[in-house]
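Read the structure below first, then the notes.
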Amino acid sequence: MMKRALLTLASLVCFGIGSSIFIAVGLPQRADYTAFELPGETRTVAPEIGRLAPPFEANTLTGERLSLWALRGQTVILNFWATWCTPCRVEMPDLQQIHGGDVRVIAVNLGESPAQIQPWVDDLNLTFDIVLDVDSQIATRYWFRAPPSTYVIDPQGVIRAIFYGPVTINQLQDAISY
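Numbering-wise, this note's numbering puts 467 at position 168 of the sequence shown, and it's gapless, one number per residue.
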């Protein structure tokens with residue numbers, strides 16, 4: 300009987316010490332699967348409706364530098380595309396149609412060379428900015444899935460709509476009527 304009492308007491312003491320250490324040290328941090336970090340940058344969460352659009356700065360097809368932050372005050376339609384993407388080609392006339400006035404279309408090309416892009420742009424008579432994402436930094440910031448993908452960003456820089464797959468002029472007009 301005495302042995303059992305000592306064993307129970309020893310177990311309780313060990314449990315108490317272990318619990319104290321556990322509480323003092325704490326639990327390991329839970330992994331945050333909705334965030335990622337690029338080298339030299341602060342952590343960013345996946346873009347979603349109602350959040351600020353991830354900022355970027357990149358070269359355009361014409362050699363100019365374009366910054367998303369510099370476009371504050373305008374509605375921005377940010378479209379990810381590639382020349383080999385048939386649905387991308389189909390939606391380009393609608394993007395061209397909505398571009399202008401207070402709406403700025405920025406088409407982010409996914410890693411192709413200017414020599415591949417320019418004939419395609421000329422053939423479709425596109426006048427909006429074509430951004431070159433040669434190192435996939437922009438696509439990574441936007442957790443890019445597949446082309447085409449389109450983000451509607453309001454003048455304050457907040458994402459108002461996200462479209463995965465081809466988008467139509469009616470969808471775009473509805474999305475910018477916030």
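Where a beta carbon is used, it is the ideal one built from N, C-alpha and C, also for glycine.
- Under the three-pair Cβ rule at 8 Å, the region 411-420 does not count as touching the region 363-373.
- Listed in chain order, the non-local C-beta contacts of Cys387 below 7 Å within the same chain comprise Trp380, Ala381, Pro446, Pro447, local neighbours out to five positions each way being set aside.
- Between the C-alpha atoms of Ala406 and Thr467 there is a straight-line separation of about 15 Å.
- Trp368 sits in a helix when the DSSP states are folded into three classes.
- Between Gly372 and the set Asp401, Gln472, Pro354, the nearest pair of CA atoms involves Asp401.
- Judged by beta-carbon spacing, Thr359 lies beyond the 9 Å limit of Ile437, meaning their Cβ atoms are not closer than that value.
- A residue is called buried once 16 or more other Cβ atoms fall within 10 Å of its Cβ, and Pro353 is buried on that count.
- Distance from the CA atom of His398 to the CA atom of Asn378, rounded to whole angstroms, is 12 Å.
- Using a Cβ distance threshold of 9 Å, Arg350 and Val451 do not count as a contacting pair.
- With a 10 Å radius around the Cβ and a threshold of 16 neighbouring Cβ atoms, Asn408 comes out buried.
- If you look at Arg403, you'll find it in the beta strand (DSSP E) that goes 402-408.
- Glu356: not part of any alpha helix (DSSP H); member of the beta strand (DSSP E) spanning 356-358, first to last residue.
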